[in-house]
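In the numbering used here, the protein residues as written are 397 to 725. Don't be surprised by glycine CBs; every beta carbon is placed ideally from N, CA and C. The structure under discussion appears below in the form of C-alpha cells.
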Ligand code: B12
C-alpha cells in the first residue's frame with residue numbers, strides 16, 4: 397500500500413461537514429488561521445480543488461511513538477518529533493499515483509497533505525478509517541488518534557463504502573476533562589483560540605498571560621487529548637518511519653540563544669519550522685517560567701533585554717516573574 401496504513405474512498409459530497417466547518421469559522425474559533433477562510437468554498441465543491449474530481453482517496457499514516465522533546469525538558473507533540481510528515485507523505489502519495497497511473501486508474505490527480513482545502517477528518521471518517529470523537533480527533537481502532545491523514549483527489553468514480561465506520565466515545569469524557577485550557581468546548585468542537593497546539597504553533601503574537609501557566613512544559617503542540625484517549629493505547633510504534641530530528645539535542649536555553657539564520661539551519665526538514673524562531677523562543681521562555689527553571693534566570697534577563705523580538709522579550713520577562721512568585725509565596 398505504498399506505506400499507507402489506511403486507504404479508503406470518501407464520497408465527493410460532504411456538504412453537512414462543510415456547513416459545520418463554516419459555522420466553526422463564523423464563530424471565530426479558527427482564531428488567526430485566515431488561510432482556513434480561503435478554503436470555505438473549495439471544501440464544499442471538490443471540483444474547485446481538482447477539475448473533474450469524481451472521488452477522493454483518503455489515506456492514513458500511523459505516527460504513534462513515545463513522548464519526547466528537547467534535551468533536559470520541554471515537550472513536543474509526537475507528530476513533530478521526526479522528519480516533516482508533509483514531505484514524507486507527499487512522496488508516498490507520488491509513488492501511489494505512479495502506481496494508479498500504471499494500472500490505468502484516473503487521468504488527473506491532486507494530493508493534499510494537511511495544508512489544503514479538505515476536511516481531512518470528515519473525509520477519513522467517510523472512508524471508514526474511524527469515527528469522529530469528542531476531542532474532534534478521528535479515532536481508529538488500531539491507531540487511536542495517532543495517525544496522519546492525506547488525500548488524493550482523482551477524476552474517476554471509485555466505489556465508496558455506504559456508511560461511516562462505527563464507533564463512539566461512549567461515556568468517556570477524558571479529553572474534555574483533561575484539556576489544560578478547556579479548549580474542547582463541546583463534544584467534537586475545539587475552540588482553537590485557546591488550544592495549546594494553536595497557541596504554540598500557529599499563533600504569532602504574545603500568548604495571553606492567563607493561558608501561559610496552562611501550557612505547562614509544551615513547547616510545540618500538545619498531545620493531552622490524544623494521550624488520555626484509551627483508543628490510542630495499543631497503536632504500534634512508528635518512530636522508525638519518521639526518525640527523530642537532530643534539533644532535539646538542543647535545550648530550551650539554546651532556543652533562546654539561536655538567531656534566525658541558525659534556526660533555519662537547525663530546524664531544516666522539521667515541522668517545528670512552522671512556529672519560526674520567534675514562536676519557539678517565546679514558547680521556550682514561557683516553559684522555563686512554568687518549570688521554575690531559576691538556573692536560566694540570567695539568560696532570561698539577557699533575553700528580556702536584548703532579544704530582537706518584542707514577543708520574546710515579553711515572554712522572558714513573564715518567565716522571570718514566575719520565579720519571583722515562588723520566592724515570595
Ligand atoms: C486547523 C487545524 C488544527 C487547529 C484546529 C483543530 C480543530 N479541532 O479544528 C489546531 C491548530 C488547534 C489543531 C490542533 C491539532 N491538530 Co490539526 N488540523 C487542522 C486542519 C488544518 C484543519 C481542521 C479543521 O478544518 N477544523 C475545523 C473543524 C470544524 O473540523 P475538524 O475538527 O477537522 O472535523 C471534525 C468535526 O467536524 C467533528 N465532527 C464530526 N461530526 C460532528 C458532529 C457534531 C455535532 C460536531 C460538533 C462535530 C462533529 O469531527 C470531524 C472529524 O473528526 C487539519 C487538516 C485538514 N486539512 O483537515 C489538521 C488535523 C485535523 N490536525 C491534526 C492533528 C494531528 C492535530 C493535533 C493532534 C496536533 C498536536 N498534537 O498538537 C491537534 C489536536 C487538537 C484537536 N483536539 O483537534 C490531524 C488529525 C489526525 C486525526 N487522526 O484526527 C489533521 C487531520 C492533520 C493531518 N493531515 O493529519 N489543528
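Legend entry - Distance between residue 659 and residue 402 (C-alpha atoms, nearest Å): In the chain shown, counting from the first residue as 1, residue 402 sits at position 6. In the chain shown, counting from the first residue as 1, residue 659 sits at position 263. Approximately 35 Å, taken between the alpha carbons.
Inset, instruction - Put residue 706 into one of helix, strand or coil per three-state DSSP. - result: Locating residue 706 in the chain shown gives position 310, counting from the first residue. Looking at residue 706 - three-state DSSP - the assignment turns out to be helix.
Inset, instruction - Verify whether the separation of the beta carbon atoms of residue 527 and residue 564 is less than 8 Å. - result: One-based indexing of the chain shown puts residue 527 at position 131. One-based indexing of the chain shown puts residue 564 at position 168. Closer than 8 Å, so yes.
Legend entry - residue 580 beta carbon less than 8 Å from that of residue 530: By 1-based counting over the chain shown, the position of residue 530 is 134. By 1-based counting over the chain shown, the position of residue 580 is 184. A Cβ-Cβ contact shorter than 8 Å links residue 530 with residue 580.
Legend entry - beta-carbon residue 686 near ligand 1 non-hydrogen atom, thresh 7 Å: In the chain shown, counting from the first residue as 1, residue 686 sits at position 290. In this structure, residue 686 has its beta carbon at no less than 7 Å from each heavy atom of ligand 1.
Inset, instruction - Flag this pair as yes or no: are the beta carbons of residue 456 and residue 544 separated by less than 8 Å? - result: By one-based count along the chain shown, residue 456 stands at place 60. By one-based count along the chain shown, residue 544 stands at place 148. Against a cut-off of 8 Å, the Cβ pair of residue 544 and residue 456 comes out as a contact.
Legend entry - Sequence-distant residues of its chain with Cβ nearer than 6 Å to residue 713 (five each side left out): Walking along the chain shown from the start, residue 713 turns up at place 317. The answer, listed in chain order, is 700.
Legend entry - Residue nearest to residue 525 in terms of C-alpha spacing, selected from 430, 510 and 542: Here residue 525 is taken as the residue at index 129 of the chain shown, counted from 1. Relative to the Cα of residue 525, the nearest Cα in the group 430, 510 and 542 belongs to 542.
Legend entry - Any beta strand (DSSP E) of 3 or more consecutive residues that is wholly inside the segment 402-433: Restricting attention to beta strand (DSSP E) runs no shorter than 3 residues, the segment 402-433 encloses them at 402-406, ordered along the chain.
Legend entry - Any non-hydrogen atom of ligand 1 within 7 Å of residue 582 CB: Along the chain shown, read from residue 1 onward, the residue named residue 582 stands at position 186. Yes, Cβ of residue 582 sits closer than 7 Å to a heavy atom of ligand 1.
Inset, instruction - Using the DSSP secondary-structure output, state which residues sit across from residue 536 in a beta bridge. - result: The residue labelled residue 536 in the question sits at position 140 within the chain shown. Per DSSP, the beta bridge partners of residue 536 are 540.
Legend entry - Rounded Cβ spacing between residue 598 and residue 425 (contact assumed at less than 8 Å): Mapped onto the chain shown, residue 598 falls at position 202. Mapped onto the chain shown, residue 425 falls at position 29. Incorrect: roughly 13 Å between the Cβ atoms, too far for contact.
Inset, instruction - Can you tell me which of the three DSSP states residue 458 falls into? - result: Start at 1 with the first residue of the chain shown, and residue 458 comes out as number 62. DSSP places residue 458 within a strand segment (E or B) once states are collapsed to three.
Legend entry - First and last residue of the uninterrupted alpha helix (DSSP H) at residue 622: Indexing the chain shown from 1 puts residue 622 at position 226. Looking at the DSSP string, the run of the alpha helix (DSSP H) that includes residue 622 is 620-623.
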